[in-house]
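Contents: one structure, followed by commentary.
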Amino acid sequence: MSFSEYRNSTQFQIDKNQNDRNSMNPAEFFGTNEFGDNSGSSSVDDDNNADVTTTDDGRGGGTDNGGIPTLPNGMTDWSQAEVIEPDKKENKKEEDNRLGIKTKPFGKYSTRRQGGVLRYPLELMTQETDYLQIDIQKYVPLQTYRSVPGDGKRYVTGNNFSNRAGRRTSQNLTTKPLINDGTILLPIPSDLKDVNSVKYDANSINGLEAIGAEGTIQLSNFLAGQMEKLTKGTFDGNKALEEAGQIVSNLAGDIRDGAGTMDAVRNYFDKRLASQMIGLFGGNVTPSNLLARGNGEIFNPNMELLFGGPTLRNFRFQFKLTPRNEKEAEQCKLIIRAFKRNMAPQAEGGISQHGNFFLKTPNVFKLRYRSGNRNHPFLNRFKQCFLSDMTVAYTGEGIYSTYEDGTPVSMILDLSFKETQPVYDIDYDERPGTEAVGY
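Heads up: the sequence shown begins at 334 in the numbering used here, then just goes up one per residue.
Printed below as a string of structure tokens:
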């Protein structure tokens with residue numbers, strides 16, 4: 334069949350229509366979308382590290398003239414075109430080892446950076462409004478085994494772009510995924526609070542245990558002093574025995590005064606020995622249990638609440654995303670993707686960035702409440718945080734409903750952050766702890 338005959342055949346029309354479908358954006362092929370314009374949202378391929386494909390006008394696809402394929406050599410009519418076979422993609426065979434693990438290193442993805450600004454919503458956030466700024470930055474280990482309280486290296490200092498809210502127009506917002514870098518702007522959540530806590534533990538010690546601890550410390554100090562005298566040549570054996578006897582006598586007096594009589598002391602040790610013998614046969618009875626049963630008394634526990642250590646703060650935020658146009662839908666999709674990717678462990682990292690035995694720490698998030706182009710004058714500050722949990726409900730109204738391009742009409746984004754270091758008193762005396770209510 335000649336080309337002229339093929340061009341006038343039904344098969345030619347079928348091939349032409351199929352070529353139109355492959356070349357045009359879905360929104361262009363099926364008509365104006367639900368958002369009322371023809372701007373297609375950016376698309377991402379199956380590669381987790383792939384970029385969003387965009388054209389000069391910021392839309393997805395690779396065609397000109399509103400999605401119509403451009404004919405070569407200035408042709409304006411399909412009747413002048415020749416049938417051209419599509420380019421064959423070069424097949425690259427990846428070498429696998431005998432365990433089925435890819436040998437090609439992926440370390441370059443761990444060091445790759447692709448920043449930008451994402452924000453929701455587009456119109457309600459201006460220079461005069463308050464918002465939450467979340468900066469994505471690479472995790473930097475301390476390189477030591479000791480964390481110094483109040484260390485300035487862990488302070489949230491932000492980045493060079495302080496006035497993020499001014500970037501309102503779509504030309505200033507990225508249409509590509511954020512990789513190991515970038516900023517996300519979200520409105521102030523409705524449930525806004527911070528919780529500071531310190532760990533305390535109840536502790537008990539009876540009188541005999543307290544005297545025993547005190548006597549052990551006194552004897553330890555006595556022996557250390559005698560060793561020092563021995564090395565200096567001033568050791569006196571008679572005087573040492575006299576001092577040791579005095580220590581033992583004082584301890585015995587303290588025990589007698591605490592117990593009242595030596596019979597009470599002997600009674601306690603009898604109960605203690607009995608509890609140990611019962612333990613040999615699998616029983617679990619304490620001397621206090623035997624005292625309570627046999628004598629109707631217990632040892633004074635000297636209970637006291639003691640400082641147990643600092644705690645790490647948690648912050649949970651919930652945002653309702655209801656995109657009103659295609660630009661906001663694109664931003665919502667990229668925001669969700671950015672959180673998911675940057676909270677994930679980095680594969681095939683390690684020191685050499687080649688082996689698959691290691692995983693690198695995910696990125697950290699720096700949070701700041703902002704008011705226009707400055708930090709909020711009242712709300713709390715944050716230290717560096719990890720994103721520990723993330724939940725996305727794609728049926729925000731309790732029913733599945735989407736626009737023409739598949740974007741859910743309403744979504745609920747739930748984020749849980751945990752700070753990397755505790756808050757110390759010195760943090761309130763150093764910037765940015767001196768600002769507003771501090772941490």
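Every residue, glycine too, gets a C-beta built ideally from N, C-alpha and C. Bear in mind the structure is a predicted one, so any value in this text is a computation, not a measurement.
*When DSSP labels each residue in this structure, what does I550 get in the three-state scheme?*
helix
*Nearest residue (CA-CA) to D484, options M610, Q754, L624, L606*: Q754
*With a threshold of 16 other CB atoms inside 10 Å of the CB of G558, please say whether the residue is buried or exposed.*
exposed
*Should K660 be labelled buried (16 or more other beta-carbon atoms within 10 Å of its own) or exposed?*
buried
*asked:* Please report the distance separating the alpha-carbon of F602 from that of Q609.
replied: 11 Å
*Grouping DSSP H, G and I as helix and E and B as strand, with all else coil, what is K532?*
strand
*Mark E576 as exposed unless 16 or more other C-beta atoms lie within 10 angstroms of its C-beta, in which case mark it buried.*
exposed
*Residues near N381 in its chain [Cβ-Cβ closer than 6 Å; skip 5 each side]*: Because N381 carries a pLDDT of 37, less than 50, the predicted location of this residue cannot be relied on, and the following value inherits that uncertainty. Nothing meets the Cβ criterion.
_Let me confirm a value: Y478 is counted as buried when at least 16 other C-beta atoms fall within 10 Å, else exposed. Which label applies?_
exposed
*Ordered along the chain, which non-local residues of its own chain (more than five positions away) have a Cβ less than 6 Å from that of I745?*
K653, A726, G729
*Using DSSP with H/G/I as helix, E/B as strand and the rest coil, what is S523?*
coil
*May I have the straight-line CA-CA distance separating K289 from L525, to the nearest angstrom?*
This structure cannot settle anything about residue 289, because the visible part of the chain is limited to 334 through 772.
*Using the beta-carbon count (16 or more within 10 Å), is D534 buried or exposed?*
exposed
_Using the Cβ count rule (16 or more neighbours within 10 Å means buried), how would you classify D596?_
exposed
*Grouping DSSP H, G and I as helix and E and B as strand, with all else coil, what is D587?*
helix
*Distance, E637 Cα to D722 Cα*: 36 Å
*Would you kindly report the start and end of the unbroken beta strand (DSSP E) that includes V450?*
450–452
*Alpha carbon to alpha carbon, what distance is there between P656 and P741?*
8 Å
*Determine the contact status of S749 and N647, defining contact as a CB-CB distance below 9 Å.*
yes
_Rounding to the nearest angstrom, what Cα-Cα distance links T462 and G705 in this structure?_
6 Å
*Measuring CA to CA, which of L624, G641, D514, E752 is closest to N633?*
L624
*With a 10 Å radius around its C-beta and 16 neighbouring C-beta atoms as the bar for buried, classify T507 as buried or exposed.*
buried
*Closest by CA to R701, which one among L712, K693, G548?*
L712
*Should P620 go down as buried or exposed, given a rule of 16 or more other Cβ atoms within 10 Å for buried?*
buried
*CB-CB under 7 Å to I611, same chain, minus the five flanking residues each way: which ones, in chain order?*
V618
*Might you give, ordered along the chain, the residues of its own chain that have their beta carbon closer than 6 Å to the beta carbon of N675, omitting 5 neighbours on each side?*
I469, N696
*Could you name the residues of the same chain whose beta carbon sits closer than 8 Å to that of N628, not counting the 5 residues immediately before and after it, in chain order?*
N600
*Would you mind giving the Cβ-Cβ distance between H709 and A662, rounded to the nearest angstrom? I have them listed as a contact below 8 Å.*
That belief does not hold up - the Cβ atoms of H709 and A662 are roughly 29 Å apart, past 8 Å.
*With DSSP run on the structure shown, which of helix, strand or coil describes T724?*
strand
*Since I believe G766 is in contact with R714 (beta carbons under 8 Å), could you give me their beta-carbon distance rounded to a whole number of angstroms?*
6 Å
*asked:* Please report the distance separating the alpha-carbon of L645 from that of Q717.
replied: 11 Å
*For Q651, which residues does DSSP report across the bridge?*
D747
*Beta-carbon separation (whole angstroms), A543 vs N689, contact threshold 8 Å*: That pair is no contact at about 55 Å.
_Here's the rule: buried if 16 or more other CB atoms are within 10 angstroms of the residue's CB, otherwise exposed. What is L518?_
buried
*Have a look at P678, R649, L574 and flag the residue whose alpha-carbon is nearest the alpha-carbon of F691.*
P678
*Just the Cα atoms here: how many angstroms apart are N622 and A573?*
41 Å
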